[in-house]
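2 protein chains.
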Amino acid sequence: MVFEQSCRQCAVRGTALCAALPDADLLGLAGHGTHRRLARGETLVRAGDMAMPCANIQRGLMKICQTNPAGQEVIVGLLWPGDFVGAPFLGPAEAGHDIVALTPVTLCQFPARVMERVLTDNPAMEHALLARTMAELARARARLGSLARATALARVAGFLVETAQRSGAGDGETIAAIDLPLSRGEMADLLGLTIETVSRQMSKLKQAGVIGLPGGRRVVIQDPDALAEAAEDLI
Amino acid sequence: MVFEQSCRQCAVRGTALCAALPDADLLGLAGHGTHRRLARGETLVRAGDMAMPCANIQRGLMKICQTNPAGQEVIVGLLWPGDFVGAPFLGPAEAGHDIVALTPVTLCQFPARVMERVLTDNPAMEHALLARTMAELARARARLGSLARATALARVAGFLVETAQRSGAGDGETIAAIDLPLSRGEMADLLGLTIETVSRQMSKLKQAGVIGLPGGRRVVIQDPDALAEAAEDLI
DNA sequence: CGAATGGTTGAGACTCCTCAATTTGCGTGG
DNA sequence: CCACGCAAATTGAGGAGTCTCAACCATTCG
């Protein structure tokens, strides 16, 4: 059955929208869904596009980014498995950001009109999407609050904490190892810093014994408490 | 008729949600609505509250703010007339921010359950709210992008441009005068700067003849083009 | 092996913050 | 009407933090 391959897999992290769908509609939705794989670096949406697809991310990590007038790229958000991409009902608005795969990605894509019809027919699904969008808005605002006054060290430490949480590594209290999905440059774009500053802060945390850097993009969180404390360092 | 006094007034700036309601439901909603006035500085929602009211702002300006671990206040967003407050369908989640009146405010408040029922009964209204929330998310992300790398001058200039737009003063091309709704301290909290730096940048714009500061909180935008250019100044 | 890419480390410049003093605006009371 | 006091805003000097520019190391790939 098709949706066994597609939408059931969307139900990642228990937050997926399809969980709100009765099976009949799930089947109807799956009939319109396209499975898509994106290679690392591939672009799903480009800023300025007039058509914004709707999709559920199944595996992998994507970045939402914009390019400022000086040509620098700024990453304004990350999308993890289970997250929703798209803006149904928004009308023919111009996409404001690029959405690009940071790792190999698999997703479940639908035409916006189909998604809109399914949402209209399934209030529970629309409620879930609305609630999730509000939660995402609150998260974006929280990030705004921390970016506003946090030091470089706090930004880097905060990013490590959040990445450890979202990639499900450890419980935040014991030693855990994560593979960073971002390069130093991408971390810099995300945190509003430069590559060099990110690198220096990582080295500082390593010197202090808070993290270990065994090589590659692997990070061992040796002292989660100290890391969490560093994340609250303010100007 | 009740709703003539309440919800018709919500239809500010042509974006209000009630515009999507048929008259019969509008009447029903108005029956549950409470008109409320807030004095300057009064708090509508406090971070940590378990109940998040739903409301439409009719007149005035509110701030969404959080207090960081060091006790500093950070303003993560502003709410203008016509904006919606609340998070229907999100369940009993803790409010993450304070929402405080910056000026005298009048708003139209509803119990979350009533709002949820009206949204369920009126898909068009829920679509409108979803679209608006997505647009607000895009705006928050855009702010993230500019806060990440903009200089102090660009932050201040950008704030002036946006305030002029949202308060409907001028067309962005000719000389316009606005009354700032925020103190220097509040601007600093919003832009992630200090009071002194905000003041210095305002003085710099004045010296350059870009703006005039006739006194009080009044700002005359004498050279909108130069102001817009200053807003794009990056580190 | 050499080139290319990504990461680390160092020195100096620049921006913004901190601390402090002064000025302005405004409401109160004499 | 003016003096006073208080809060807000402005201005200055010095210092901390981050960026820029540059060189150097590590890893991967041809």
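Here the protein sequences line up with chains A and H, keeping their order. Numbering of the first sequence is given in my numbering, commencing with residue 1384 and proceeding in unit increments. Numbering of the second sequence is given in my numbering, commencing with residue 1384 and proceeding in unit increments. Note that CB positions come from ideal geometry on N, CA and C, so glycine has one too. These numbers come from a predicted model, not from an experiment.
Looking at H:V1483, H:C1401, H:A1591, H:V1544, the one whose alpha-carbon comes closest to that of H:L1444 is H:V1483.
Judged by their CB atoms, A:L1490 and A:Q1441 are nearer to each other than the 7 angstroms cut-off. From the listed residues A:D1504, A:A1571, A:D1572, A:Q1492, the smallest Cα separation to A:A1438 is found for A:Q1492. Within the model, the alpha-carbon separation for H:A1559 versus A:A1407 is close to 57 angstroms. Chain H places a beta carbon closer than 7 angstroms to that of A:E1519, counting this residue as a contact. Excluding the 5 residues flanking it on each side, H:E1509 has same chain C-beta neighbours closer than 8 angstroms at L1502, T1503, in chain order. Counting along the chain, no beta strand (DSSP E) covers H:E1425, and no H or E run does either.
Not a single CB atom of chain A sits nearer than 7 angstroms to the CB of H:A1614. Per the coordinates, the alpha-carbon of H:T1486 lies some 12 angstroms from the alpha-carbon of H:E1569.
In the structure shown, H:Q1584 adopts helical secondary structure according to DSSP, grouped into three states. When the beta-carbon positions are compared, A:D1481 and A:A1434 stay at least 7 angstroms from each other. Close CB contacts of H:V1428 within its chain, under the 8 angstroms cut and outside five residues either way in sequence, are with M1435, P1436, V1468, A1478, H1480, D1481, I1482 (chain order).
Scanning H:L1596, H:A1611, H:R1419 for the CA closest to the CA of H:D1562 turns up H:L1596.
In the same chain as A:F1542, and ignoring 5 residues on each side of it, the C-beta atoms closer than 8 angstroms to its own belong to M1570, L1573, L1574, in chain order. The C-beta distance from A:A1403 to A:A1495 rounds to 19 angstroms, too long to fall under 8 angstroms, and the pair is not in contact.
With contact defined as three or more Cβ pairs closer than 8 angstroms, the segment 1528-1537 of chain H and the segment 1448-1459 of chain H are not in contact. Look at the segment 1496-1574 of chain H and you find these whole runs of beta strand (DSSP E), each 3 residues long or longer: 1559-1562. Apart from sequence neighbours up to five positions away, the residues of its chain that approach A:R1601 with a beta-carbon distance below 8 angstroms are A1560, I1561, D1562, L1563, ordered along the chain. Non-local C-beta neighbours of H:F1472 in its own chain, meaning closer than 7 angstroms and more than five positions away in sequence, comprise E1499, ordered along the chain.
If you check each beta-carbon in the segment 1514-1547 of chain A against every beta-carbon of chain H, the ones closer than 9 angstroms belong to A1514, R1515, T1516, M1517, A1518, E1519, L1520, A1521, R1522, A1523, R1524, A1525, R1526, L1527, G1528, S1529, L1530, A1531, R1532, A1533. At the C-beta level, A:R1524 and H:G1599 stay beyond 7 angstroms of one another.
The C-beta distance from A:L1610 to A:A1552 rounds to 13 angstroms, too long to fall under 8 angstroms, and the pair is not in contact. Annotation: H:P1494 is outside any beta strand (DSSP E) and is labelled neither H nor E by DSSP. Residue pairing by DSSP places H:Q1449 opposite H:V1457 in a beta bridge.
Within chain H, the residues R1524 have their CB atoms less than 7 angstroms from the CB of A:I1447, given in chain order. The beta carbon of A:V1468 sits no closer than 7 angstroms to any beta carbon of chain H. Under the DSSP assignment, A:A1484 falls in the beta strand (DSSP E) whose first and last residues are 1481-1484. Nearest C-alpha to H:P1607 among H:V1581, H:R1420, H:T1557: H:T1557.
Against A:F1472, the close residues of chain H are H1510, L1513, A1514, in the order they occur along the chain (beta-carbon pairs closer than 7 angstroms).
When the five nearest sequence neighbours on each side are left out, the beta carbons in the same chain lying within less than 7 angstroms of the beta carbon of A:R1567 are those of I1578, V1581, S1582, in order along the chain. Per DSSP, reduced to three states, the secondary structure at H:P1487 is coil, with no helix or strand assignment. Annotation: A:G1555 to H:V1603 spans about 51 angstroms, alpha carbon to alpha carbon. Excluding the 5 residues flanking it on each side, H:H1415 has same chain C-beta neighbours closer than 6 angstroms at F1493, V1497, in chain order. Within the DSSP secondary-structure output, A:L1462 pairs in a beta bridge with A:M1445.
Chain order gives the chain H residues near A:T1503 as P1506, H1510, where near means a beta carbon separation below 8 angstroms. Note that the C-beta distance between H:V1488 and H:L1576 is not below 7 angstroms.
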